[in-house]
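Note sheet for the following structure.
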Amino acid sequence: MNRTKGDEEEYWNSSKFKAFTFDDEDDELSQLKESKRAVNSLRDFVDDDDDDDLERVSWTGEPVGSISWSIKETAGSSGSTHEGREQLKSRNSFSYAQLPKPTSTYSLSSFFKGRTRPGSFQSLSDALSDTPAKSYAPELGRPKGEYRVCSLERFRSLQDKLQLLEEAVSMHDGNVITAVLIFLKRTLSKEILFRELEVRQVALRHLIHFLKEIGDQKLLLDLFRFLDRTEELALSHYREHLNIQDPEKRKEFLKTCIGLPFSAEDCAHIQDHYTLLERQIIIEGTFSSPVNLKKTFKIPDKQYVLTALAARAKLRAWQDIDALFTTKNWLGYTKKRAPIGFHRVVEILHKNSAPVQILQEYVNLVEDVDTKLNLATKFKCHDVVIDTCRDLKDRQQLLAYRSKVDKGSAEEEKIDTLLSSSQIRWKN
Amino acid sequence: MAFPHRLDAPELPDFSMLKRLARDQLIYLLEQLPGRKDLFIEADLMSPLDRIANVSILKQHEVDKLYKVENKPALSSSEQLCFLVRPRIKNMRYIANLVNADKTAGRTRKYKVIFSPQKFYACEMVLEEEGIYGDVSCDEWAFSLLPLDVDLLSMELPEFFRDYFLEGDQRWINTVAQALHLLSTLYGPFPNCYGIGRCAKMSYELWKKLEDEEDSESKGRRPEIGHIFLLDRDMDFVTALCSQVVYEGLVDDTFRIKCGSVDFGPEVTSSDKSLKVLLNAEDKVFSEIRNEHFSNVFGFLSQKARNLQAQYDRRRGMDIKQMKNFVSQELKGLKQEHRLLSLRLIPKDYRSLKTQYLQSYGPEHLLTFSNLRRAGLLTEQAPGDTLTAMESKVSKLVTDKAAGKITDAFSSLAKRSNFRAISKKLNLIPRVDGEYDLKVPRDMAYVFSGAYVPLSCRIIEQVLERRSWQGLDEVVRLLNCIEFAFTDITKEDKASSESLRLILVVFLGGCTFSEISALRFLGREKGYRFIFLTTAITNSARLMEAMSEVKA
Chain C
249 MNRTKGDEEE YWNSSKFKAF TFDDEDDELS QLKESKRAVN SLRDFVDDDD DDDLERVSWT
309 GEPVGSISWS IKETAGSSGS THEGREQLKS RNSFSYAQLP KPTSTYSLSS FFKGRTRPGS
369 FQSLSDALSD TPAKSYAPEL GRPKGEYRVC SLERFRSLQD KLQLLEEAVS MHDGNVITAV
429 LIFLKRTLSK EILFRELEVR QVALRHLIHF LKEIGDQKLL LDLFRFLDRT EELALSHYRE
489 HLNIQDPEKR KEFLKTCIGL PFSAEDCAHI QDHYTLLERQ IIIEGTFSSP VNLKKTFKIP
549 DKQYVLTALA ARAKLRAWQD IDALFTTKNW LGYTKKRAPI GFHRVVEILH KNSAPVQILQ
609 EYVNLVEDVD TKLNLATKFK CHDVVIDTCR DLKDRQQLLA YRSKVDKGSA EEEKIDTLLS
669 SSQIRWKN
Chain E
138 MAFPHRLDAP ELPDFSMLKR LARDQLIYLL EQLPGRKDLF IEADLMSPLD RIANVSILKQ
198 HEVDKLYKVE NKPALSSSEQ LCFLVRPRIK NMRYIANLVN ADKTAGRTRK YKVIFSPQKF
258 YACEMVLEEE GIYGDVSCDE WAFSLLPLDV DLLSMELPEF FRDYFLEGDQ RWINTVAQAL
318 HLLSTLYGPF PNCYGIGRCA KMSYELWKKL EDEEDSESKG RRPEIGHIFL LDRDMDFVTA
378 LCSQVVYEGL VDDTFRIKCG SVDFGPEVTS SDKSLKVLLN AEDKVFSEIR NEHFSNVFGF
438 LSQKARNLQA QYDRRRGMDI KQMKNFVSQE LKGLKQEHRL LSLRLIPKDY RSLKTQYLQS
498 YGPEHLLTFS NLRRAGLLTE QAPGDTLTAM ESKVSKLVTD KAAGKITDAF SSLAKRSNFR
558 AISKKLNLIP RVDGEYDLKV PRDMAYVFSG AYVPLSCRII EQVLERRSWQ GLDEVVRLLN
618 CIEFAFTDIT KEDKASSESL RLILVVFLGG CTFSEISALR FLGREKGYRF IFLTTAITNS
678 ARLMEAMSEV KA
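Right under this line is the structure:
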């Protein structure tokens with residue numbers, strides 16, 4: 249590392265780094281010592297309220313006061329749930345800063361201890377020492393906007409770069425290795441980068457993982473191609489299909505996967521996947537294909553309808569259910585029929601939380617009047633009850649039902665209109 | 138019936154301090170953004186945070202509303218937004234979208250990102266790329282040790298397993314080193330250090346480097362914990378993949394214990410409500426049965442119910458009746474399964490197995506298989522190999538639905554990795570003369586119904602006995618691992634005899650409740666006490682999930 253004297257001065261005097269002084273109080277090292285002392289007398293400062301473990305969880309359901317409960321509350325509430333502003337806890341002047349140390353293994357303290365390790369260690373140290381300690385210790389303050397992360401710019405020669413990388417790898421810290429790789433990726437052509445990493449397995453693994461994580465698929469595939477890792481290339485390309493939502497597009501994508509250098513058995517699996525998806529797409533759009541399945545496997549009507557109904561109900565596909573029961577007779581008129589009896593249909597729909605309007609429609613199709621009335625009452629299908637009573641000319645029952653509907657509702661009005669109608673010849 | 142604690146068992150250090158520290162650190166960070174603010178929390182951090190600082194504490198520090206970081210757009214009207222996230226790229230993109238949307242709408246607010254347990258350079262790179270680097274302030278909440286129980290600490294980093302063992306990414310090694318450093322700061326240095334595995338070695342070396350740089354005065358402190366043992370998960374996949382039969386392990390396998398508590402849905406509680414139960418040593422009934430073989434639990438519980446019906450405090454756990462129902466229904470089924478399993482014969486080809494798996498679970502699992510191969514969990518069986526009775530037996534311990542499907546290929550793994558030789562050398566499959574009494578277990582094999590002593594636990598037992606790896610070279614060679622052992626005499630001299638009976642076991646990549654139960658048993662036998670530090674609690678289902686590529 250060659251630095252001119254001038255550079256050195258400039259470097260040391262720059263405000264980015266706190267200068268080393270012989271003044272003990274300023275020394276981060278002694279600050280840390282202070283902190284260690286403080287840590288040992290920690291208990292005196294900290295409250296003892298650790299029984300909250302027990303109260304925090306309620307035994308009868310969603311733990312009230314827990315984070316997940318609170319998040320649900322926030323998501324569900326329309327207004328704000330204001331709690332009175334409590335008095336701010338007085339800021340504890342004792343700062344925890346200190347506890348073991350910054351998470352980067354390179355810190356100012358190690359730097360200023362005047363370690364005499366050669367070459368890039370010192371440079372890496374000062375380059376990467378962005379003093380995460382600052383996030384804890386207010387004393388050191390943090391110059392806003394002057395937050396330097398990776399000032400590795402001075403490593404321009406390939407040799408310096410590789411030495412830097414070697415140093416990072418010897419530290420075992422994946423975060424540091426990746427940081428160096430980010431720098432190398434930016435300042436080296438991919439051919440050179442690939443060539444150098446080919447013989448450095450640890451660094452190579454980190455680059456691959458990094459590329460996967462940031463989604464740089466293109467560079468990743470180039471890398472696999474360069475390394476002649478054909479199977480990984482194929483698998484990596486294939487993996488992308490998980491990101492494609494639209495089935496058509498996914499199918500098209502899978503097509504491009506066929507013919508990639510998978511292992512022999514995997515090629516067959518990929519082909520199968522494509523075929524499967526092709527079929528699924530065909531099946532998806534139309535409702536008729538389950539009928540094909542039914543025909544092929546000779547599924548009895550009842551079983552078929554029950555299954556289809558439950559499935560569609562779960563998906564709240566009311567129109568499909570409508571189609572399920574609609575048949576055309578030879579004259580072209582549509583009629584609704586069900587091999588399982590509409591009372592069963594209504595029950596299944598209710599179990600799947602179908603809305604009242606839908607239930608109502610099918611309750612209406614129940615043939616047996618008593619059953620119909622029972623179901624309509626049970627599921628609060630007011631219109632059906634009202635209409636049925638009217639058809640039965642049962643005034644008493646209608647009157648009795650009036651008390652069950654909401655006051656002033658449209659249903660009440662309808663009942664009143666009927667009751668006062670002179671055209672109906674009530675039997676009771 | 139429960140295993141009694143020895144009267145001379147060494148006392149455990151107080152780990153509740155870790156929670157208080159974490160909480161105070163978080164509060165400090167929140168106060169760096171004074172005034173009312175909304176807090177966005179990543180899903181994985183919600184449970185740990187709940188154990189550290191509940192909502193009322195957050196509200197005391199001017200946190201207004203809480204949101205989950207998820208795919209939906211966030212509609213917060215607060216002027217200040219705080220994000221508590223893991224250092225993942227996708228979180229950065231989420232934040233960037235939010236900030237950039239604000240910018241487009243001409244809105245300026247204050248944003249703070251709190252990374253837990255630390256920030257990664259890749260994250261900063263993305264913030265810079267997205268053009269929001271100058272708009273957000275970044276902090277680190279170095280919370281990496283959550284006490285799940287008096288003797289169990291978790292780093293709550295399930296991603297550790299996949300990141301390191303599948304992708305070879307060493308990003309969390311520093312986190313481990315920092316956690317160890319914190320422990321040695323608070324509880325004194327560890328006179329004896331042992332380890333096995335590459336990750337263990339690297340973590341140890343990085344930790345030592347940290348300590349050397351510190352020149353801390355903690356070095357002169359009295360050690361509270363005499364030994365530390367670091368292990369890589371991949372030196373024993375077998376144990377992690379076995380289904381569990383000790384009570385706590387069974388609950389984890391069946392219901393998934395999260396952060397020391399478990400949610401029982403309505404199908405279990407036979408009511409409309411779900412029940413969340415905290416499972417730790419404070420629950421008297423649970424602590425008696427947790428390490429027990431499940432076959433003992435039912436009998437124990439009925440007895441207990443008879444004795445304690447009137448006095449049992451309903452707040453402390455599931456109603457005895459409910460527990461009884463659960464135990465009798467669920468466990469009965471499991472017992473049958475175990476019986477059936479040992480009767481079945483399943484010799485299959487890797488290829489047909491893979492095809493069947495793909496047809497059952499989806500073609501995307503092509504990628505899962507590739508991952509399993511890469512992580513060394515799955516290998517193709519060489520032609521002409523046959524399984525020994527022992528291997529079949531062990532492979533039959535794997536009953537997890539997904540893991541079970543690969544039982545056969547798994548058997549081939551057992552063979553390829555010299556499992557047969559290792560288990561012989563370490564006597565992992567005890568010879569059973571007569572019935573194996575599960576009520577009064579005689580060795581660690583009870584955690585698998587007497588069939589198998591967990592390899593990881595056996596290794597720990599042996600190394601502690603010898604205080605070194607002497608005599609275990611052959612085993613280490615067969616495991617294809619590297620090992621290390623260091624003793625610092627000066628520190629050891631300072632340690633009390635009691636602290637020398639305390640051992641911190643660090644599982645890198647996850648540990649199972651079965652291993653915890655087994656080691657607790659070993660502790661009682663030998664007069665030790667084990668403290669567990671794991672990157673996350675794991676089991677066969679979680680391991681398989683970690684290997685799967687199916688997008689959520």
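Residue numbers (my numbering), protein chains in the order written: chain C, 249 to 676; chain E, 138 to 689.
Every residue, glycine too, gets a C-beta built ideally from N, C-alpha and C.
Nothing here was measured: the structure is a model prediction, and the numbers come from that model.
Buried or exposed by the 16-neighbour rule on C-beta atoms within 10 Å, applied to residue i
i	result
LYS497/C	exposed
GLU266/E	exposed
PHE669/E	buried
ARG679/E	buried
SER383/C	A caution first: SER383/C carries a pLDDT of 31, below 50, which makes its placement in the model too unreliable to give a value.
GLU334/C	Per-residue confidence for GLU334/C stands at a pLDDT of 26, beneath the threshold of 50, marking its modelled position as unreliable; the derived number appears in the next sentence. Exposed, since its Cβ has fewer than 16 Cβ neighbours within 10 Å.
ILE232/E	buried
ILE530/C	exposed
THR108/E	Limits of chain E in this structure are 138 at one end and 689 at the other, which puts residue 108/E out of reach.
ALA314/E	buried
GLY397/E	buried
ASN559/E	Per the sequence presented here, residue 559/E reads as Ile, with Asn not at that position. So ILE559/E ends up on the buried side.
PHE369/C	Its pLDDT being 41, under 50, PHE369/C is placed unreliably by the model, and the measurement read from it follows with that caveat. With 16 or more Cβ atoms within 10 Å of its Cβ, PHE369/C is classed as buried.
GLY587/E	buried
GLY656/C	exposed
GLU598/E	buried
ARG638/E	buried
Bounding residues of the alpha helix (DSSP H) (the contiguous stretch that carries residue i)
i	result
HIS364/E	Looking at the DSSP string, HIS364/E is not in any alpha helix (DSSP H); the run it does join, the beta strand (DSSP E), is 364-369.
LYS503/C	495-505
ASP201/E	It is not in any alpha helix (DSSP H) - ASP201/E instead sits in the beta strand (DSSP E) that spans 200-206.
ASP181/E	180-189
SER507/E	502-511
From the options, residue whose alpha carbon lies closest to that of residue i
i	options	result
LYS576/E	THR675/E, VAL383/E and PHE644/E	VAL383/E
ALA582/E	ASN617/E, GLU429/E and GLU686/E	GLU429/E
LEU503/E	THR492/E, LEU149/E and ALA512/E	THR492/E
ILE653/E	VAL287/E, GLU304/E and GLY332/E	VAL287/E
LYS628/C	GLU659/C, GLU439/C and LEU481/C	GLU659/C
ILE619/E	ARG335/E, GLU199/E and ILE269/E	ARG335/E
LEU436/C	HIS457/C, VAL450/C, ASP421/C and ASP408/C	ASP408/C
THR241/E	SER215/E, CYS219/E and ILE269/E	ILE269/E
LYS320/C	CYS219/E, PRO185/E and ILE178/E	ILE178/E
GLU168/E	SER274/E, GLY571/E, GLU199/E and LEU186/E	GLU199/E
LEU475/C	GLN449/C, ASN491/C and HIS521/C	GLN449/C
LYS345/E	ARG359/E, GLU361/E, LEU317/E and ILE362/E	LEU317/E
ALA146/E	LEU615/E, TYR589/E and GLU662/E	GLU662/E
Sub-9 Å separation of residue i and residue j beta-carbons
i	j	result
LEU468/C	LEU459/C	yes
LEU563/E	TYR301/E	no
ALA512/E	LEU176/E	no
VAL417/C	TYR258/E	no
ASP631/C	GLN645/C	no
GLU479/C	SER511/C	yes
PHE152/E	PRO284/E	yes
Terminal residues of the beta strand (DSSP E) in which residue i lies
i	result
CYS219/E	217-222
ARG666/E	666-671
ILE251/E	247-252
ASP239/E	ASP239/E -> not in any beta strand (DSSP E); alpha helix (DSSP H) instead, spanning 226-241.
Where residue i meets chain D, residues with beta-carbon distance less than 9 Å
i	result
GLU216/E	Protein chains in the displayed structure are C and E, and chain D is not among them.
Legend entry - Uninterrupted alpha helix (DSSP H) stretches inside the stretch 599-657 of chain E (no shorter than 4 residues): Listed in chain order, the complete alpha helix (DSSP H) runs (minimum 4 residues) inside the stretch 599-657 of chain E are 610-616 and 626-631.
Inset, instruction - At 3 residues or longer, and completely inside the stretch 264-351 of chain E: list those beta strand (DSSP E) runs for me, N to C. - result: Runs of beta strand (DSSP E) with 3 or more residues, each lying fully within the stretch 264-351 of chain E, are found at 273-277, 283-286, 289-291 and 329-333, listed in chain order.
Legend entry - beta strand (DSSP E) runs wholly inside the stretch 145-176 of chain E, at least 3 long, in chain order: Whole beta strand (DSSP E) segments, 3+ residues: zero.
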